[in-house]
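Participant: Have a look at the structure that comes next, please.
In my numbering, the protein residues as written are 403 to 579.
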């Protein structure tokens with residue numbers, strides 16, 4: 403289900419309202435372009451540019467990531483127009499936000515695996531390992547299509563501990579444990 407242009411903007415505003423902190427562009431992209439149900443990556447890029455230009459959202463660096471957040475003008479617009487975002491999409495966004503909040507609170511030493519668009523029909527699979535909420539290792543792999551990126555993401559998640567050990571063993575001059 404693709405949304406109309408205005409509904410896409412309202413979905414972005416709604417998403418930023420649900421998250422109480424600046425949202426990394428990577429996370430926003432994943433959330434709103436899942437299997438292109440809400441909008442495509444390129445539609446999202448256009449809508450973000452327009453919302454920033456019109457003063458509804460602000461772009462900033464937060465926790466070493468490029469993020470966006472609502473401005474007061476954006477918050478006011480969201481209050482008025484959030485009902486125009488389909489209920490199923492609002493539900494998915496809320497569930498995703500609750501899961502993210504839970505993951506961040508309960509696992510500050512966790513592993514985050516993701517996919518991110520690079521260009522049309524080309525994606526990276528990424529692995530980030532955290533220590534006390536700060537990244538200690540980031541790895542990105544050009545995986546090609548979205549399906550291949552999903553497979554690569556799962557392989558990174560499954561083998562994260564081995565990848566970590568191998569990299570740091572190599573950096574340490576191949577010393578034995």
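Ideal placement from N, C-alpha and C gives every residue a C-beta, glycine not left out. Note that the coordinates shown come from a computational prediction; the quantities given were computed from them, not determined experimentally.
Buried or exposed for residue 424, please, with buried defined as at least 16 other CB atoms from any protein chain shown within 10 angstroms of its CB.
Facilitator: Buried, because 16 or more other Cβ atoms sit within 10 Å of the Cβ of residue 424.
Participant: Quickly, what does DSSP pair residue 545 with across the bridge? List them, please.
Facilitator: The partner list for residue 545 (beta bridge, DSSP) is empty, contrary to what the question assumes.
Participant: On the three-pair Cβ rule with 8 Å, is the stretch 468 to 484 touching the stretch 518 to 532?
Facilitator: Contact between the stretch 468 to 484 and the stretch 518 to 532 is absent, because fewer than three Cβ pairs lie under 8 Å.
Participant: For residue 516, write down the residues that DSSP places opposite it in a beta bridge.
Facilitator: 528.
Participant: Which residue wins for smallest C-alpha separation from residue 492, given the options 420, 432 and 541?
Facilitator: For the residues 420, 432 and 541, the minimum Cα distance to residue 492 belongs to 420.
Participant: Helix, strand or coil: which one does DSSP assign to residue 406?
Facilitator: Coil.
Participant: When DSSP labels each residue in this structure, what does residue 574 get in the three-state scheme?
Facilitator: Here residue 574 sits in coil by DSSP.
Participant: State the start and end residues of the unbroken alpha helix (DSSP H) segment that holds residue 431.
Facilitator: Taken as a continuous stretch (DSSP letters only), the alpha helix (DSSP H) holding residue 431 covers 427 to 434.
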